[in-house]
Structure formats: structure tokens, C-alpha cells
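Undergrad: Following full-length UniProt numbering, the numbering of the sequence shown begins with 1 at its first residue and continues without gaps.
Backbone N, C-alpha and C fix where the C-beta goes; we use that ideal spot for every residue, glycine too.
Submitted below is the structure of interest, expressed as C-alpha cells.
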Amino acid sequence: MRTTAIAVRDVPVFLNAVGTVTPSTTVIVRAQVQGTLASINFREGQVVARGDLLATIDDRALRAQLQTAEGALLRDRAQLANARRDLDRTRALVDIGSASRQQLDTQETAVQQAEGIVKADSGSVDNLRVQLSYTRITAPIDGVVGLRAVDLGNLVQSGDANGVATLTSVSPTTVKFALSIDQMSRVLNARRQGPVRVDALGRDGGDVLAEGSLEAIDNRVDAATGTVMLRAQFNDAAHRLFPNQFVSARVHLQTLENAMVVPLSAIRYGNQGAYVFMIKDDKAHLQNVTMGPTLDSQSVVVADALKPGMQIAVDGIDALEDGVAVRVVAPAQAGR
């Protein structure tokens, strides 16, 4: 038979759940004025910063309207200036009795009308300048551009359902996942100790795609599933998380320091629970143990009377009895 020595390791304790990547912000980039798409200035999948130019709309008609409005503003400002000069002259004539009060009132009204026209002209110019600025479609947030929703030369407008493209923020991003209400006390206890680390892994539980922390816990239980929704935030600088991607969320609760670890193959179960066979002086000794969390697919943490370095049987266990003599063929690797 073979034996292995009880190993001592720091053991992370965590909970696993299936989560969904949910970007903190998703924006459908739409045109704000109607016109022909004149240029597309992004590549699909490109990382862009807020304010980067994404596309332009043909602005010739708006520029012509703006010139007309600016011309009207200049004309009406000149008429306002002339009306004010006439008002000053009328006031001087009233002071010397050469003009009536009615003439003064008429001229004051003319000035007020001219001021109103100039203000309306200014509003028209400002509005057209804003409309003209909308012909440059820029990124409203930092993020990654999705697939293009429209081709060059198409007529675009604010009512387009798909817009020009979709922009999603990638850093930070979030993962939503659910845990059983029975597990929440452990999560809340860990949260009281400080920030709770959460890892996002591939669906197979292999590579860690991103490291983050628990951001929020919902305030209600889903009555249908008996679970609580949680959200973790990740600084996904490497852009390894994609919106709506399924990931495995690993919630770190604590680390058991100097924990004793034995292979799963060494554990057996009887009427009094889990036990192992310690090998000492060429004899097998049955030792009941208290199971701890599973470290990986091959090891578990145990407590009670075991001590680091003790030899325990890892094969041929089914033929062993308490106190029976044994012959060790070769020790196995410790903790495996």
C-alpha cells in the first residue's frame, strides 16, 4: 500500500456561482440630426475614448442655413443700431419741444421690436450651430465600439433604432451572479472584514479572466429561486470580459492559514462520519476527522487529531481495519 504525509497549506475558502458580464454603461450612438452619412471614422471592435470622432454627416445644407441666419442677424443688428440712434434724436427733440411724446413712444417701440428680432436671430444662429455640431458624431463614453449598424452614404436620423453603432464601457465592467440565501451569512461576514475579492473565470473554471471586488448586494430574495443577486466590479484593463458573457464568479470568503490538507482518496465514511487510516509503526490506525472545505479536485482540509507530517493511507484502504499490520510499498507525494 502507499501512504502520503499530511501537508500544511494556506487554503482559500470561496463560493462559486455562474455570472453574466454586464457593462456598467451601454450606449446606442445615434445621429441627432438628419442627413447623409459622409464618413465613418472607427473600426469595429476599436477601443475609443470619450470625445473621439466616430462618424460625420453631410453638413452642407446646415452650413448654408447658418450663413443665411448669420446674415439676417447682421442685418437686424444694423437696423437695431439705427433705431437706437433715431430714439436718441427723438428724445433730444422732445426735450426742446420739437417732437411729441407720441413720436417718442413710437420710436421706443421700434427699438424694442428691433431688439426682439435680433434676439430671435441670435437664437436661430445658436440653434444652427448646435445642429451643425451634431454632424460630428463623437463617442459619449470610453469604451469599445461594436459592429457597425449603418453603411456610408445612408440617410441617418435620430429615430433610427440601431443608431450608427453600439458603444460599451469595458473598464470598469461588472458581473452579476446569484447565491443561495443560505450562503449569504458567510458573504456578509466576509464583507464586514473588508472588501471581498471576486474573480471572474471562464465557464470551465480555468483561467482567471479578471480580478475585482464585490460592489453591491440586492435587498431582496428571489422567491422563485431562493437566491440573492450580487454584483462585482472589475477593472478589465485587458478587455477579456465581453458583455453578456457567462463566467464563473469566485467569491473569496477567507484564507485558512496553516490548514492540514489530505487527498480525497484518503477519506472514507462510516457510522461516525469521515475517517482516515494513519500509518504508524507498520500498523493502520483509524482516525475520525472533521471535514473542511474542498481545496481542489484532489484535496480537502481536515481538523482534529491529525498533525502535519503524519503518514496516512491513500490506496488499499478498503482492505484496512483499525490496528491491522501493513506494509508500505512507497510513500506518495505529500498532500496529493
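#1: Report the rounded CA-to-CA distance for Ser100 versus Leu93, giving the unit in angstroms.
#2: Report all residues from its chain with a CB closer than 6 Å to the CB of Gln107; omit the five preceding and five following residues, and keep chain order.
#3: Rounded to a whole number of angstroms, what is the C-alpha to C-alpha distance between Glu115 and Ser39?
#4: Can you tell me where the alpha helix (DSSP H) with Gly270 in it begins and where it stops?
#5: In whole angstroms, what is the alpha-carbon distance linking Ile181 and Val289?
#6: Tell me which same chain residues have a C-beta within less than 7 Å of the C-beta of Arg136, skipping the five on either side of it?
#7: For Gly194, name the three-state secondary structure that DSSP assigns.
#8: Shortest alpha-carbon distance to Arg191 belongs to which of Glu211, Gln233, Gly205 and Ala216?
#9: Kindly indicate the opening and closing residues of the beta strand (DSSP E) around Thr26.
#10: Please go through the same chain and pick out, in chain order, the residues whose beta-carbon is closer than 6 Å to the beta-carbon of Gly51, but skip the five residues on each side of it.
#11: Does the stretch 172-180 come close enough to the stretch 34-49 to have 3 or more Cβ pairs within less than 8 Å?
#12: If you check the beta carbons only, do Ala31 and Asp160 fall under 8 Å apart?
#13: Out of curiosity, what's the CA-to-CA distance linking Leu256 and Ala266?
#14: Go through its chain and collect everything with a Cβ distance to Leu73's Cβ below 8 Å, but skip five positions before and after it.
#15: Count the CB pairs spanning the stretch 237-255 and the stretch 266-277 that are closer than 8 Å, and state whether there are at least three.
#16: Here's the rule I'm using: 16 or more other beta-carbon atoms within 10 Å means buried, otherwise exposed. How should Phe246 be labelled?
#17: Which one of Lys283, Thr166 and Val198 has the shortest CA to CA distance from Gly45?
#18: On the three-pair Cβ rule with 8 Å, is the stretch 302-317 touching the stretch 273-282?
#19: Run through DSSP, which three-state label would Ser185 get?
#20: Rank Arg231, Ala17 and Leu306 by C-alpha distance to the C-alpha of Asn258 and give the top, closest one.
#21: Considering just the uninterrupted stretch of the beta strand (DSSP E) at Thr255, what are its terminal residues?
#22: Assign Thr135 to one of three DSSP states: helix, strand, or coil.
#23: Looking at the unbroken beta strand (DSSP E) that takes in Met43, where does it start and where does it end?
#24: Arg186 to Asp236, Cα distance in whole Å?
#25: For the beta strand (DSSP E) containing Ala69, list its first residue and its last residue.
#26: Please report the straight-line C-alpha distance between Asn189 and Val302, rounded to a whole angstrom.
#27: What's the C-alpha gap between Asp58 and Gly35?
#28: Just verifying my parser: in three-state terms, what is the DSSP assignment at Asp121?
#29: Less than 8 Å between the CB atoms is what I'm expecting for Gly153 and Leu62, so what's the real figure, rounded?
#30: Let's test the definition: count the other Cβ atoms within 10 Å of the Cβ of Arg231 and tell me whether it reaches 16, buried, or not, exposed.
#31: Give the single residue among Ile6, Ser24, Val13 and Gly19 whose Cα lies nearest to the Cα of Ala200.
TA: This is what the structure gives:
#1: Counting from 1 along the sequence shown, the entry for residue 100 is found at position 100. Counting from 1 along the sequence shown, the entry for residue 93 is found at position 93. Rounded to whole angstroms, Ser100 to Leu93 spans 8 Å at the Cα level.
#2: On the sequence shown, residue 107 is found 107 positions in, with the first residue counted as 1. Excluding sequence neighbours, Gln107 sits near Asp86, Leu87 and Thr90.
#3: If you number the sequence shown from 1, residue 115 lands on position 115. If you number the sequence shown from 1, residue 39 lands on position 39. Roughly 41 Å separates the two Cα atoms.
#4: The sequence position of residue 270 within the sequence shown is 270, counting from 1. Note, Gly270: premise wrong, no alpha helix (DSSP H); beta strand (DSSP E) at Arg268 to Gly270.
#5: Taking the sequence shown and counting its residues from 1, one reaches residue 181 at position 181. Taking the sequence shown and counting its residues from 1, one reaches residue 289 at position 289. Those two C-alpha atoms are separated by around 28 Å.
#6: Numbered from its first residue, the sequence shown carries residue 136 at position 136. Once the five neighbours on either side are set aside, the close Cβ partners of Arg136 are Leu53 and Thr56.
#7: Translated into positions along the sequence shown, residue 194 becomes position 194. Here Gly194 sits in coil by DSSP.
#8: One-based indexing of the sequence shown puts residue 191 at position 191. Arg191 has its Cα closest to that of Ala216, out of Glu211, Gln233, Gly205 and Ala216.
#9: Translated into positions along the sequence shown, residue 26 becomes position 26. Thr26 to Val29 is the extent of the beta strand (DSSP E) around Thr26.
#10: For this step, residue 51 is matched to residue 51 along the sequence shown. Cβ within range, chain order: Thr138.
#11: no
#12: Along the sequence shown, one-based indexing puts residue 31 at 31. Along the sequence shown, one-based indexing puts residue 160 at 160. It is a contact, given that the beta carbons lie within the stated cut-off.
#13: Numbered from 1 along the sequence shown, position 256 holds the residue referred to as residue 256. Numbered from 1 along the sequence shown, position 266 holds the residue referred to as residue 266. Rounded to the nearest angstrom, the two C-alpha atoms are 21 Å apart.
#14: Numbered from 1 along the sequence shown, position 73 holds the residue referred to as residue 73. Same-chain partners within the cutoff: Val118, Asp121, Ser122, Ser124 and Val125.
#15: no
#16: Taking the first residue of the sequence shown as 1, we reach residue 246 at position 246. With fewer than 16 other Cβ atoms within 10 Å, it is exposed.
#17: On the sequence shown, position 45 is the one that residue 45 refers to. Comparing Cα-Cα distances from Gly45 to each of Lys283, Thr166 and Val198, the minimum goes to Thr166.
#18: yes
#19: Along the sequence shown, read from residue 1 onward, the residue named residue 185 stands at position 185. Reduced to three states, the DSSP call for Ser185 is helix.
#20: Here the question's residue 258 lines up with position 258 in the sequence shown. The candidate whose alpha carbon is nearest that of Asn258 is Leu306.
#21: Numbered from 1 along the sequence shown, position 255 holds the residue referred to as residue 255. From DSSP, the beta strand (DSSP E) with Thr255 extends over Phe246 to Pro263.
#22: Within the sequence shown, the letter at position 135 stands for residue 135. It is coil, neither helix nor strand.
#23: Here residue 43 refers to the residue found at position 43 when the sequence shown is read from its first residue. Note on identity: in this sequence residue 43 is Arg, with Met being the wrong assignment. Run containing Arg43: none; DSSP gives neither H nor E here.
#24: Counted from its first residue, the sequence shown places residue 186 at position 186. Counted from its first residue, the sequence shown places residue 236 at position 236. Approximately 27 Å between the Cα atoms of the pair.
#25: Here residue 69 refers to the residue found at position 69 when the sequence shown is read from its first residue. Unbroken run through Ala69 is the alpha helix (DSSP H), Arg60 to Asp95; no beta strand (DSSP E).
#26: Position 189 of the sequence shown, counted from the start, is the residue given in the question as residue 189. Position 302 of the sequence shown, counted from the start, is the residue given in the question as residue 302. The alpha-carbon atoms of Asn189 and Val302 are separated by roughly 22 Å.
#27: Counting from 1 along the sequence shown, the entry for residue 58 is found at position 58. Counting from 1 along the sequence shown, the entry for residue 35 is found at position 35. Approximately 6 Å between the Cα atoms of the pair.
#28: Here residue 121 is taken as the residue at index 121 of the sequence shown, counted from 1. Residue state, collapsed to three classes: helix.
#29: As a first step, residue 153 must be located in the sequence shown, where it is residue number 153. As a first step, residue 62 must be located in the sequence shown, where it is residue number 62. That pair is no contact at about 18 Å.
#30: The sequence position of residue 231 within the sequence shown is 231, counting from 1. Arg231 is buried by the Cβ-count criterion.
#31: Looking up residue 200 in the sequence shown gives position 200. Nearest of Ile6, Ser24, Val13 and Gly19 to Ala200, Cα basis: Gly19.
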